[in-house]
């Protein structure tokens, strides 16, 4: 009903791509369930989701490779219904960017332009420009088999870039590469997109990739958009419990918590209610429940090697009854290099926390370890039944004066 | 069917029908199914109709000497009960066919597997030998039958070789056991290559790592083959057996050329018996009933063979 | 002192009459109950090394000793070594029970013993419920447990794991890593763990040997190798992000050490030039290595030196800032501060309207920052930054926590034994920013 508001809200930049209530069904199976999103010009939007969430389907629909079952797609504000894939001015880049093995780097990159019968000098100029940008000018005269893996991948990227279409759809373009090369190329992708003002829509199952490059992440699950947010919001205020568990490594700990007398009781802790969770408390009061799920990220838990005699209050007198630290049994230590992840069991609950190498050297599996949440404002609360994030609305309201332009 | 025209962007809401030019083919319209119509018509004409006619025929007493099929009497299941209860020649032919088939398949499998394992190694002249070993399959059964008929003559090359190594010659086609042996040898020569080919491709597809894992776990070459390779080959082996079973229960040409079922009826296979019923005695209806029994029987046999591997073969397809 | 579990001495494998040197004269040991990770990119000779240890390939030269006994001439099945393949290589057509029993069966072990051992192993690996299932039907991680169990049943002296996690989905890996650590601890196995993924190597190994082009370029305790890589290449390979490397010259300068880079100089005030370097001659090429975690981002006027922000990669709780400093690429880890006003539209209104995806207007300038106190609890990172405000092209000041600086010989790329003396007061925050 309110599909028109998107256009009204963004007068200067009509989105390059827009999906409205887009659906796709295969027989009885629903691959995409009325998803709506838009990709503004010169932005890098990432569709993040586990395998089978509908990422590739979305891209294929936009590219015109498949017929939508319902809804509408727009490019620059105009419907693309009935347009052949080649008329949509969209480039799609796949994971297995097959290069012609018998053609040189130049011929590979020039192929799409030759198909369009572009004059020779123009082709030369464009390919050289793109090659320079991708730093592969030196492989233009070489055959793919003599290139390194990264050069091959760049050549394949270059082949898509010479066309300068309106938008690029990238389907897990880096997933077949070794880790170091993947990091290098994703930075490259981001740089190109920024510098050239391209519009990218990329699908990936890897949240680190999504967080690293995206302006906006669309979290897709079972054909539905669970959350559309900038990467930092996706991490800090996940839409629901499953989103929180999907994004972030080491994984967030989700604990059973109860709100009693203004204190959050969980895993032996009794924490004062932080501002961000005030609305959560209200939500629970409204629902007549006092139990909820508390999400706490590993980097937000501190290891206390010596059990503190005086409670850490930050110099202020604490709320009576508050216990800001608790003790649990260490069940696992995983080294990440300079830091380690300690897994601690507290009754039925499991918490993970990060510690330094020096601290790790003093911790043994099986011992009791004290810990304390570092920043209460970074806690998240989820509804026990639905798993929805119930805490974040509070944060929005409290800080709305500086956030809301009205 | 002209629903052309650019779908107007204005009437945004609602499901736009996939009618426009951009709609991928095969969606909505049953065009794809239309293409199967000729094939279905042909299969109806050449398969279903003859089968139905023959089935009907098998319930009558029709013979071509007594006018058209329409004039024949409907006799119910008389032909079938006759065959299954009273016709010992038919029942013997069935048993004989099964025994010969079993012996042939066992020999072909053993020889084919042996050859296939040999061919997993590297040796000189492998390619030429490979073609040579496959060539029997390409010879017409009639030609094979005729050739072996000549080889097994009482003064033929087989007896000459036997004499050369100090054994007395055998009158291959004069008594029943040698005749059966001759039939089996011919059949084995002709069709071992099929087992060889299928098993070799199966062996080549066996993944390497489980074998290496077994070696590291301490398996001897024999154990490796018996416990690791053969189980992995099982689906392939069963496919080879199914293909060959379907073929060999119809064994006809070679027997016809070698012995005509003789001496007496000691090498008479089911196919040969049905042939004789139909074309020597003109008992077409009776022959049709026998043919249907064989069809049902061999279908049953093949399904029996497929039971243990059905899951596996279907699973791979998913 | 007993002999090490495994000792490889001068192991070499040459293919095709000397044309390809797959493994080039490597030596290493695995002590009893220890895990050694062979870490390196694909094609560096890791798998060939494994094949030689297990007996599937014969080394061109060199010796392999297990429990002090040379096994070069012992056939593969009798070396008392277990190997778990990357693709698990379970016997797909057999039941899980037959898979687990295989190693004992081929040794003609007593039936009752086999049964007991198989049941025990199955329980240990939580495979009891699927003992009668055909192994080919199991999921990837279950197949992997079968492959491990099949090997453990034979109680090998040494267990080799060949990229055991690379065929698993990313989301399943942390759990399997934890499972493998439990195996290590409860069974005290001696393990060689081959991988190209440093996360696995760091999280599972006691020691790491880094292979490159058939050679081991460094073998060291896991933590040591992270902090004091022995070679520039190791430094650039390990860690995410890897170590920053700056090349330049060193000199004594007024009670401190002056590092002269191509275009700028940095003074580390309270450091004395170590004797070793003074002997070598400071005026040679050096490579200065420091972790991205030790590089501290500060407002431009407060830095020891300056750089330009190229981009920010958010990782979750923190972010990696890519910088260009006088032509050298640098990476710095900053903590990701929670933004005051979080989140887009609440979920309830999601399906009704297209979310507005325009990037938010970026705030100008730097937020006030401070260096986190020497709190022992917090891992060393840069002070909290609002990541959104770290704009591309913005100038940034850089300071360095010098405790973990590593010095390399600029010519040979090898680490110099004498590091800058790790004195904490060496860090000299310039005009101390006033923050409550």
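Chains as they are written, first to last, in the numbering used here: chain A, 27 to 432; chain B, 769 to 1086; chain C, 583 to 1018. All residues carry an ideal CB built from backbone N, CA and C; glycine is no exception. Source: prediction; values computed, not measured.
Could you have a look at residue 298 (chain A) and say whether DSSP puts it in helix, strand or coil? strand
Quickly, what does DSSP pair residue 355 (chain A) with across the bridge? List them, please. A:371 and A:394
Contacts around residue 292 (chain A), its chain only, beta-carbon distance under 6 Å, and the 5 residues preceding and following it disregarded: 281, 283 and 320
For chain B, find out if any of its Cβ atoms is closer than 7 Å to the Cβ of residue 656 (chain C); answer yes or no. For residue 656 (chain C), not one C-beta of chain B is nearer than 7 Å to its own C-beta.
State the start and end residues of the unbroken alpha helix (DSSP H) segment that holds residue 986 (chain C). Here residue 986 (chain C) belongs to no alpha helix (DSSP H), and DSSP marks it neither H nor E.
How about residue 874 (chain C) and residue 848 (chain C): are their beta carbons less than 7 Å apart? Not in contact: residue 874 (chain C) and residue 848 (chain C) (Cβ atoms no closer than 7 Å).
Cα separation between residue 823 (chain B) and residue 1015 (chain B)? 22 Å
Can you give me the C-alpha to C-alpha distance between residue 840 (chain C) and residue 865 (chain C), rounded to a whole angstrom? 11 Å
For the segment 196-213 of chain A, enumerate the residues whose C-beta is nearer than 9 Å to any C-beta of chain C, in chain order. Within the segment 196-213 of chain A, the residues whose Cβ lies closer than 9 Å to some Cβ of chain C are 204, 205, 206, 209, 212 and 213, listed in chain order.
Residue 311 (chain A) classed as buried or exposed, judged by whether at least 16 other C-beta atoms fall within 10 angstroms: exposed
Opposite residue 746 (chain C) in the DSSP bridges: which residues? In the DSSP output, where bridge partners are listed per residue, residue 746 (chain C) has none listed.
Look at the Cβ atom of residue 48 (chain A), then the Cβ atom of residue 58 (chain A), and state whether they are nearer than 7 Å. yes
Quick one: what's got a C-beta closer than 6 Å to residue 270 (chain A)'s C-beta in the same chain, skipping five residues either side? Excluding sequence neighbours, residue 270 (chain A) sits near 264, 278 and 321.
Tell me whether the segment 323-334 of chain A and the segment 739-757 of chain C touch, counting them as touching only if at least three CB pairs, one residue from each stretch, are closer than 8 Å. Counting Cβ pairs under 8 Å, fewer than three are found: no touch.
Sorted by chain position, which residues of the same chain lie with C-beta nearer than 6 Å to residue 862 (chain B)'s C-beta, five sequence neighbours on each side aside? If you ignore the 5 residues before and after residue 862 (chain B), its C-beta comes within less than 6 Å of the C-beta of 1038, all in its own chain and listed in chain order.
Could you spell out where the beta strand (DSSP E) holding residue 827 (chain B) opens and where it closes? Looking at the DSSP string, residue 827 (chain B) is not in any beta strand (DSSP E), and its letter there is neither H nor E.
Residues of the segment 760-788 of chain C with Cβ closer than 9 Å to any Cβ of chain A, in chain order: 760, 763, 764, 767, 778, 779, 780, 781, 784, 785, 786 and 787
Select from A:371, A:214 and A:71 the residue whose C-alpha is nearest the C-alpha of residue 294 (chain A). A:371
Write down every uninterrupted run of the alpha helix (DSSP H) in the segment 1005-1049 of chain B whose length is 4 residues or greater and which is fully enclosed by it, in chain order. Within the segment 1005-1049 of chain B, the complete alpha helix (DSSP H) runs of at least 4 residues fall at 1021-1026 and 1038-1043.
Using only the alpha-carbon positions, how far apart do residue 597 (chain C) and residue 663 (chain C) sit? 24 Å
Quick one: which residues of the segment 976-997 of chain B get their C-beta closer than 8 Å to a C-beta of chain C? List them in chain order. 977, 978, 980, 981, 982, 983, 984, 985, 986, 987, 988, 991, 995 and 996
Near residue 257 (chain A), which residues of its chain fall below 6 Å by C-beta distance, leaving aside the five closest residues on each side in sequence? 237, 240 and 243
By DSSP's criteria, residue 914 (chain C) is part of a beta bridge. Which residues make up the other side? C:903
Given a threshold of 16 other Cβ atoms within 10 Å of its Cβ, counted over all protein chains shown, does residue 346 (chain A) qualify as buried or as exposed? exposed
Measuring alpha carbon to alpha carbon, tell me which of B:1066, B:1057 and B:1010 ends up nearest residue 851 (chain B). B:1057
I need the DSSP call for residue 585 (chain C), collapsed to helix, strand or coil. coil
Strictly below 7 Å CB to CB, what residues from chain C border residue 220 (chain A)? 974
Per-residue contacts from residue 736 (chain C) into chain B (C-beta, under 7 Å): 985
Count the other C-beta atoms from every protein chain shown that fall within 10 angstroms of the C-beta of residue 803 (chain C), then say buried if there are 16 or more, exposed otherwise. exposed
Do you know how far the Cα of residue 233 (chain A) is from the Cα of residue 261 (chain A)? 10 Å
What residues in the segment 350-369 of chain A bring their beta carbon closer than 7 Å to a beta carbon of chain C? 358, 360, 361, 362, 363, 364 and 365
Tell me whether residue 414 (chain A) sits in a helix, a strand or coil according to DSSP, three-state version. Note: residue 414 (chain A) maps to strand in three-state DSSP.
Check residue 1062 (chain B) in the structure and name its three-state DSSP category. helix
Near-chain A residues of the segment 623-647 of chain C (beta-carbon distance less than 9 Å), N- to C-terminal order: Hits within the stretch, in order: 623 and 624.
Near residue 710 (chain C), what residues of its chain come up, given a Cβ to Cβ distance below 7 Å and the 5 sequence neighbours on each side ignored? 704
Roughly how many angstroms separate the alpha carbons of residue 887 (chain C) and residue 982 (chain C), rounded to a whole number? 9 Å
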